[in-house]
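4 protein chains.
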Amino acid sequence: MNDPIYGFITIPNTFIFNLIEHPYFQRLRRINQMGVSYLVYPGAQHTRFHHAIGAMHLMQQAIYVLKLKGVKITKKEQNGLLAAILLHDIGHGPFSHALEGLLLPSVSHEQISLVYMELLNKEFKGKLDTCIQIFKGEHPKKFLYELISSQLDMDRLDYLKRDSFYTGVAEGNVNSERLIKMLNVVNGELVVEQKGIYSIEQFLLSRRMMYWQVYLHKTNIVAENILVKIMQRASYLIKIGANIPCSRALKEILQLKNSTYNTLGNPSEFLSQKRMEQFSDLDDFDIISAIKEWKNHSDFILRELSRRFIYRDLFKIKMSKTPITNELKKQKARKIQKKLGVSKQDLHYFLIEDQISNQVYNKKTQKIKLLNKNDTWSYFSHQSDPFQGQFLSKKVIKYFLCYPKI
Amino acid sequence: MNDPIYGFITIPNTFIFNLIEHPYFQRLRRINQMGVSYLVYPGAQHTRFHHAIGAMHLMQQAIYVLKLKGVKITKKEQNGLLAAILLHDIGHGPFSHALEGLLLPSVSHEQISLVYMELLNKEFKGKLDTCIQIFKGEHPKKFLYELISSQLDMDRLDYLKRDSFYTGVAEGNVNSERLIKMLNVVNGELVVEQKGIYSIEQFLLSRRMMYWQVYLHKTNIVAENILVKIMQRASYLIKIGANIPCSRALKEILQLKNSTYNTLGNPSEFLSQKRMEQFSDLDDFDIISAIKEWKNHSDFILRELSRRFIYRDLFKIKMSKTPITNELKKQKARKIQKKLGVSKQDLHYFLIEDQISNQVYNKKTQKIKLLNKNDTWSYFSHQSDPFQGQFLSKKVIKYFLCYPKI
Amino acid sequence: MNDPIYGFITIPNTFIFNLIEHPYFQRLRRINQMGVSYLVYPGAQHTRFHHAIGAMHLMQQAIYVLKLKGVKITKKEQNGLLAAILLHDIGHGPFSHALEGLLLPSVSHEQISLVYMELLNKEFKGKLDTCIQIFKGEHPKKFLYELISSQLDMDRLDYLKRDSFYTGVAEGNVNSERLIKMLNVVNGELVVEQKGIYSIEQFLLSRRMMYWQVYLHKTNIVAENILVKIMQRASYLIKIGANIPCSRALKEILQLKNSTYNTLGNPSEFLSQKRMEQFSDLDDFDIISAIKEWKNHSDFILRELSRRFIYRDLFKIKMSKTPITNELKKQKARKIQKKLGVSKQDLHYFLIEDQISNQVYNKKTQKIKLLNKNDTWSYFSHQSDPFQGQFLSKKVIKYFLCYPKI
Amino acid sequence: MNDPIYGFITIPNTFIFNLIEHPYFQRLRRINQMGVSYLVYPGAQHTRFHHAIGAMHLMQQAIYVLKLKGVKITKKEQNGLLAAILLHDIGHGPFSHALEGLLLPSVSHEQISLVYMELLNKEFKGKLDTCIQIFKGEHPKKFLYELISSQLDMDRLDYLKRDSFYTGVAEGNVNSERLIKMLNVVNGELVVEQKGIYSIEQFLLSRRMMYWQVYLHKTNIVAENILVKIMQRASYLIKIGANIPCSRALKEILQLKNSTYNTLGNPSEFLSQKRMEQFSDLDDFDIISAIKEWKNHSDFILRELSRRFIYRDLFKIKMSKTPITNELKKQKARKIQKKLGVSKQDLHYFLIEDQISNQVYNKKTQKIKLLNKNDTWSYFSHQSDPFQGQFLSKKVIKYFLCYPKI
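Residue numbers (numbering that gives the first Met the number 0), protein chains in the order written: chain A, 0 to 405; chain B, 0 to 405; chain C, 0 to 405; chain D, 0 to 405.
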């Protein structure tokens with residue numbers, strides 16, 4: 000398979016090939032990796048399908064490098080790793096993070112991924128046992144899990160590189176292949192060779208940069224928030240019995256949202272095979288097609304929000320390091336109510352207040368470890384000059400207010 | 000604006016900015032530049048929006064280079080060139096070439112582009128006069144048209160580079176910026192400096208390669224043909240009054256197709272503003288969303304074709320330099336009729352025969368000219384060693400037959 | 000002119016072309032930009048000639064960008080800037096920094112550059128007046144000097160990018176063209192636009208990384224120190240009247256070194272035109288050719304050091320964050336004296352102790368300024384999260400001891 | 000080892016490491032891969048050392064790919080291949096092709112490489128037996144030789160890519176890694192998979208382009224010819240007993256040239272170990288350092304040619320598809336004799352007539368083979384459209400005359 004970033008990607012065996020061919024996985028071809036970012040960075044059109052394949056490619060490299068260094072990884076564990084990284088995001092719905100928690104409240108995409116893995120495991124007659132064990136963090140070899148989920152897992156190493164590549168934000172470029180060449184395992188835990196310290200520093204800085212410059216870009220935040228408001232409005236209109244033209248798959252999920260499912264307890268019971276089949280029919284195309292129809296809907300709020308989204312006539316945004324003042328909110332509220340004739344209870348569709356935050360490196364969980372000469376390791380954060388002290392653990396918060404320019 | 004290929008792209012002025020912001024142009028964000036190629040090359044997700052912006056960027060460079068060399072281009076002509084290259088493909092419908100001639104038979108996308116330009120010209124109060132004059136080839140300065148449409152126009156220089164970049168087919172990479180630096184104008188016609196001869200040879204070879212390896216890739220041909228058959232079936236079912244769930248925009252165009260519009264003569268009369276508004280609502284999302292619904296339709300043919308398209312369970316293809324033998328066709332026909340229970344008249348949905356062809360360089364039209372030392376020019380094809388003789392003008396034809404693997 | 004990094008480089012006018020053609024400048028073709036680094040990074044073979052041309056290319060870009068933003072730069076100032084950046088390193092001798100201070104003690108390469116500029120100014124009849132004024136920091140427009148010499152001058156922006164490119168140390172890659180696009184001038188001083196903050200952070204981290212990973216690489220330090228010792232020995236042998244085969248240019252400079260010139264006061268008096276002509280004949284080829292001859296010399300010390308340098312049979316090095324212990328030094332000294340039969344006073348040729356240091360960002364001099372919205376500026380170091388605090392101003396020192404493996 | 004082109008290059012084992020460390024091989028660090036091309040393309044400073052390491056890297060990849068496809072290659076053969084590609088050019092003297100045949104007339108660099116291999120084989124106690132067998136084309140597995148020497152050998156795949164990279168001539172870029180991925184072996188012979196046909200076409204076109212644009216660039220030809228004339232003059236002056244300052248190694252080879260050695264028959268007898276040791280001391284530094292001295296020599300011809308070479312004040316060149324006319328030659332001769340006061344017999348130093356030629360693909364020897372589906376192969380030249388017919392086998396000849404601009 001051809002990849003603009005890595006050149007050729009090899010599918011290692013029939014098992015992996017069959018996973019890729021499966022409709023659950025093919026669906027990822029229709030889910031944009033970066034949600035609505037293409038409205039800011041027109042190149043950001045790559046899919047979750049492509050990212051998952053890319054992460055699997057990096058996993059093959061990591062396995063090759065670690066085995067060269069004498070780390071024992073059985074054939075079974077290899078397939079487990081490859082399947083786990085391939086399927087780690089299979090539970091993502093349309094527009095990924097933007098609509099997560101809205102379409103299926105109180106269920107995370109990781110939980111849904113796990114349900115899909117279990118369905119596939121039945122279909123593939125237990126061949127995903129090790130994959131699931133690794134994904135759940137229950138495998139005795141801890142580094143297998145760390146390759147799937149940690150500060151330097153193959154997921155991050157692909158998506159940061161890929162997102163930087165497709166957006167054209169060159170400073171975010173991560174030298175993933177170099178970082179992988181410096182991986183090793185000591186006492187069952189993933190470590191990075193000492194000389195990799197500069198590469199890790201660059202990696203963390205690139206990651207922080209991608210957050211502020213791309214993922215949390217002003218226009219991106221506005222578009223995501225309008226998208227959420229559109230779906231909330233549609234969901235509400237369905238609830239009150241209005242006619243909301245959209246695909247069957249989308250209608251079902253919006254109706255479900257209004258039901259009481261999320262009080263039912265254990266999501267894996269709730270997420271039945273039938274419901275998973277339905278969910279696997281849902282992707283970005285349902286959302287965009289619906290919004291295109293809705294931009295002519297008789298409901299003003301749905302129509303106006305949809306029109307603005309499709310024609311990229313987005314809201315303005317005011318960002319600040321301190322909470323938005325009441326004064327500003329009141330001023331904007333008055334203007335919107337007056338100009339748009341929106342009731343107080345519907346004001347939230349046009350005056351959106353929230354906050355975003357980012358933290359470079361979470362010292363608490365899965366700290367990066369550097370290999371010392373004597374086969375012990377120490378924490379990266381203790382050895383890096385620039386990443387010592389407050390900077391690393393500091394959580395930066397920004398407050399914002401979105402509203403139409405009227 | 001950020002571009003993975005060129006770095007930064009500058010929007011030169013408010014006029015161009017407003018064209019880009021216009022809903023007609025924003026629609027191109029939802030039309031894939033390469034149709035169904037992403038089924039072969041997962042990276043091929045770039046849009047016509049991005050391509051048009053890229054071609055405009057190259058046009059800015061060409062204008063800069065030519066002016067440095069003393070070629071006179073007025074401010075008005077500059078804006079004309081930029082608008083013309085920006086809008087040259089605005090008439091493309093969903094899935095571009097694959098469905099062209101099917102959704103709107105007997106109307107080319109260039110004709111539709113022209114109608115859009117004229118609508119925009121009204122809206123922009125005559126500011127597109129020069130643009131339209133250039134686009135129609137009616138401007139007295141011939142090279143202005145050649146920058147828009149010729150063997151080395153900015154359209155080709157962007158799409159070949161871009162398609163090569165996103166598919167990852169490195170051999171197709173074209174050094175567009177270098178070719179542009181070698182452009183000049185002699186007696187009002189576009190020429191390339193003598194030393195550019197190798198770059199042109201490489202360009203033509205890359206182009207030929209992209210045709211055989213990418214645009215005419217087996218899987219691409221199969222997917223395009225299935226797509227066409229799906230739309231033909233849907234159109235037929237609408238005609239006979241069946242219920243075909245799809246977006247309003249798509250339904251209208253499919254109904255129109257069944258009407259007698261195409262016997263009405265002059266397309267620019269037929270293509271009324273209202274119809275153009277409708278058409279501007281139609282994009283890849285309508286098509287894919289419809290097919291997703293149709294994969295559960297009660298009509299076997301529509302359902303089966305749709306299912307195969309969405310789940311990428313495509314047909315096989317037999318390609319050959321000679322026409323497909325009757326023997327093979329009969330054998331496959333018997334098998335399909337037997338296994339699928341398809342009637343003879345519906346056989347064409349599952350047994351598709353056609354041919355493709357490609358010609359590296361059309362000597363008849365718009366030959367590339369090389370600048371001699373004494374300010375005259377001579378034809379590239381007379382000076383290039385490898386591109387002399389039969390090879391250039393030879394049209395290569397390949398015949399194919401598609402059918403399900405059953 | 001072709002450049003692997005920037006594509007084409009244009010020579011802007013005849014004046015600059017004539018400077019480049021001048022023998023003083025052509026000499027830079029024979030001086031490696033990175034000294035002995037090619038012994039570690041075989042790709043590091045680029046010359047000072049290439050770097051100076053590259054820096055001039057970036058200067059052209061900077062001038063273009065600043066003028067677009069309305070900054071006034073006269074034709075004369077432009078030529079001054081281009082000449083100044085082109086000639087800023089013309090005073091470098093063979094192996095640049097490694098032998099600076101040894102071949103011509105107490106004269107810096109900047110002083111020699113200035114003398115060359117003055118000689119050229121005579122030859123070019125005053126055309127370098129503005130160039131010299133800028134180079135000396137005496138031009139009333141402060142930003143002109145800052146483009147030549149500051150934290151973000153065109154010299155650094157080229158050499159960091161170029162050294163990273165040729166060594167293949169991808170993490171050191173600096174997005175110079177992007178940084179230049181963000182330059183501006185406020186109140187006559189060079190500033191960077193606010194959104195450039197991430198790029199500056201990356202730049203500083205890359206720079207720090209290049210220091211530790213490349214410029215201060217262990218093998219590099221060893222090779223440089225052996226080179227210095229070879230020249231010291233040759234100089235000593237000349238002093239005592241031994242026959243030291245080498246080029247005329249090298250012999251003269253080594254004899255000069257032994258003279259009392261450096262007590263003569265004003266270097267610009269001392270650096271007569273005749274002496275400058277001689278010096279302009281001296282380059283890496285003299286040094287390497289001499290060492291090749293010396294590897295067969297009858298003096299053991301000169302022979303042994305030369306042989307080790309040419310055959311890359313280098314010393315070992317022990318590096319440490321604390322000063323080298325006397326114990327280790329004594330132990331190594333005993334071994335060397337015993338095995339090599341070296342006298343105590345000659346021990347320093349084989350047992351080299353010294354220290355290296357690096358500081359990311361000198362807060363005292365030429366701090367980077369960020370442009371605020373209201374056309375004021377503030378210091379970068381006050382706004383950057385990771386570059387606040389101790390990290391920036393902290394000078395990291397490492398101690399080392401080199402000795403042959405015997 | 001770091002490489003700007005391939006990233007990391009791994010040294011596969013101690014045997015190969017020791018070959019690289021050997022002084023014979025380290026000498027290649029001081030021989031420029033592209034001779035005097037740096038006078039045209041300032042980036043072309045890479046060495047034969049770097050190229051040999053790069054070719055070895057590609058050989059590792061080829062071995063890996065072929066073994067994956069089931070081709071049997073023993074450990075011994077692997078080391079043979081790696082050593083053979085590493086040492087294939089070890090016999091090159093300073094300025095490679097330019098001075099080949101002049102410094103050691105009637106001995107090719109391949110013959111010298113073989114002598115070095117045999118010397119190394121003694122030192123490494125027979126470990127190079129297989130290497131030598133492959134290099135001589137005497138190994139029963141024919142494809143081993145083809146990997147070392149054929150139209151698509153690892154030598155070419157590296158040097159074309161490397162030369163294109165360092166000169167910045169992007170059109171010459173060859174996708175070596177892709178071509179290698181398409182290699183296979185059928186009946187003991189190296190073949191390329193069918194789909195590789197486009198890549199081969201691009202490769203041949205790139206190669207042809209590099210010849211005309213780089214290797215046979217006008218300025219390159221002039222500089223090479225002046226270099227040859229300088230060495231001829233120096234050799235003549237030595238013969239007549241003049242004092243010619245230069246390194247011992249260069250003096251010996253120039254004296255040898257004047258002796259009768261080349262009538263002695265078998266070169267491998269003539270090329271004694273002692274002579275090879277001497278030769279291994281000779282590199283670009285001897286030549287350039289000598290010419291720098293000679294630019295002040297009392298002999299006018301030696302001085303003038305040397306000065307022009309060092310200060311890049313080169314001759315003009317007149318190129319033509321037809322032989323240079325006598326008229327032009329006489330005119331230039333008169334002028335040179337008059338202005339420079341050169342005698343008729345010395346005229347050839349300043350009026351150089353010769354021809355260059357290039358052939359894209361030699362159909363006679365080592366034709367490229369394409370793998371068919373049924374495990375047979377057919378010749379590439381029979382299947383490629385553009386590379387059929389006259390173009391391929393046609394030898395293009397150009398005639399030239401060089402002379403000083405006076």
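We put the CB at the ideal spot given by N, CA and C, even for glycine.
The structure presented is a predicted model; accordingly, all values stated were derived computationally and were not measured.
Legend entry - Beta-carbon contacts of E99 (chain A) that lie in its chain and below 6 angstroms, excluding the five residues immediately before and after: H108
Legend entry - Rounded C-alpha distance that separates V39 (chain D) from I367 (chain A): 48 angstroms
Legend entry - Separation of G136 (chain C) from D408 (chain B), as counted between CA atoms: In the structure as shown, chain B starts at 0 and stops at 405, and residue 408 (chain B) therefore has no counterpart that could be examined.
Inset, instruction - State buried or exposed for Y63 (chain B), treating a residue as buried only when at least 16 other CB atoms are found within 10 Å of its CB. - result: exposed
Inset, instruction - With a cut-off of 8 angstroms on the beta carbons, I'd call S112 (chain D) and I30 (chain D) a contact; round off their distance for me. - result: Between I30 (chain D) and S112 (chain D) the Cβ distance is about 13 angstroms, and since that is not below 8 angstroms, they are no contact.
Legend entry - Close-in-space but distant-in-sequence residues of the same chain around Q44 (chain D) (CB under 6 angstroms, 5 per side omitted): Y37
Legend entry - Proximity to I405 (chain A) [Cα-Cα], best of A:W376, A:K68, A:K394 and A:L350: A:L350
Legend entry - Interface residues of the region 150-175 of chain B facing chain G [CB-CB below 7 angstroms]: Of the chains in the structure shown, none is chain G; the protein chains are A, B, C and D.
Legend entry - Neighbouring residues, chain D, relative to G92 (chain C) (Cβ below 9 angstroms): Under the 9 angstroms cutoff, chain D gives no residues; its nearest Cβ is about 15 angstroms from G92 (chain C).
Inset, instruction - Using the DSSP secondary-structure output, state which residues sit across from W211 (chain A) in a beta bridge. - result: Partner(s): none; W211 (chain A) has no beta bridge.
Legend entry - Coil, strand or helix - K140 (chain C) by DSSP: coil
Legend entry - Beta-carbon separation (whole angstroms), K140 (chain A) vs G187 (chain A), contact threshold 8 angstroms: 6 angstroms
Inset, instruction - Can you pull the chain D residues whose beta carbon is under 7 angstroms from the beta carbon of F278 (chain A), in chain order? - result: Per Cβ cutoff of 7 angstroms: no residues; F278 (chain A) is ~39 angstroms from chain D at best.
Legend entry - Whole-Å CB distance - R206 (chain D) paired with L304 (chain D), under 8 angstroms assumed: Rounded, the Cβ-Cβ distance is 32 angstroms, inconsistent with contact.
Inset, instruction - Starting from the Cα of V227 (chain D), find the closest Cα among D:K250, D:I286, D:L270 and D:I179 and give me that residue. - result: D:I286
Inset, instruction - Could you tell me whether any non-hydrogen atom of the ligand NAP is closer than 7 angstroms to the CB of I220 (chain B)? - result: The ligand content of the structure shown is nil, which means the ligand NAP is not present either.
Inset, instruction - For Q330 (chain B), count neighbouring C-beta atoms within 10 Å of its own C-beta (all shown protein chains included) and say buried if the count is 16 or more, exposed if not. - result: exposed
Inset, instruction - Round the Cβ separation of D282 (chain C) and P93 (chain C) to the nearest angstrom and send it over; I've been treating them as touching at under 8 angstroms. - result: 5 angstroms
Legend entry - DSSP three-state assignment for T218 (chain C), whether helix, strand or coil: helix
Inset, instruction - Spatial neighbours of F14 (chain D) within its chain, please: CB distance less than 7 angstroms, with the 5 preceding and 5 following residues excluded, ordered by chain position. - result: N78 and K126
Legend entry - Presumed contact (8 angstroms Cβ cut-off) between Y398 (chain A) and T321 (chain A), rounded CB distance: 7 angstroms
Inset, instruction - For F7 (chain C), return the contacting residues in chain B, with the cut-off set at a CB-CB distance below 7 angstroms. - result: K180
Inset, instruction - Give a yes or no on contact between the region 167-186 of chain A and the region 205-221 of chain A, applying the rule of three or more CB pairs nearer than 8 angstroms. - result: yes
Legend entry - Inter-residue spacing [alpha-carbon to alpha-carbon] between K52 (chain A) and T73 (chain B): Here residue 52 (chain A) is Ile; the residue named in the question, Lys, does not match the sequence. Near 50 angstroms, if we compare the C-alpha coordinates of T73 (chain B) and I52 (chain A).
Inset, instruction - Taking D283 (chain B) as part of the alpha helix (DSSP H), name the residues at either end of that continuous run. - result: D283 to W293
Inset, instruction - Consult DSSP for D88 (chain B) and reduce its assignment to one of helix, strand or coil. - result: coil
Legend entry - Three or more C-beta pairs below 8 angstroms linking the region 370-377 of chain B and the region 181-196 of chain B: yes
Legend entry - Opening and closing residue of the alpha helix (DSSP H) in which S358 (chain D) lies: In the sequence on display, residue 358 (chain D) carries Gln and not Ser. Where Q358 (chain D) is concerned, there is no enclosing alpha helix (DSSP H), although the beta strand (DSSP E) it sits in stretches over I351 to Q358.
Legend entry - R177 (chain D): contacting residues in chain B (beta-carbon distance under 9 angstroms): A169 and E170
Inset, instruction - Specify, as a first and last residue, the run of the beta strand (DSSP E) that F123 (chain C) falls within. - result: Taken as a continuous stretch (DSSP letters only), F123 (chain C) belongs to no beta strand (DSSP E), as it is neither H nor E.
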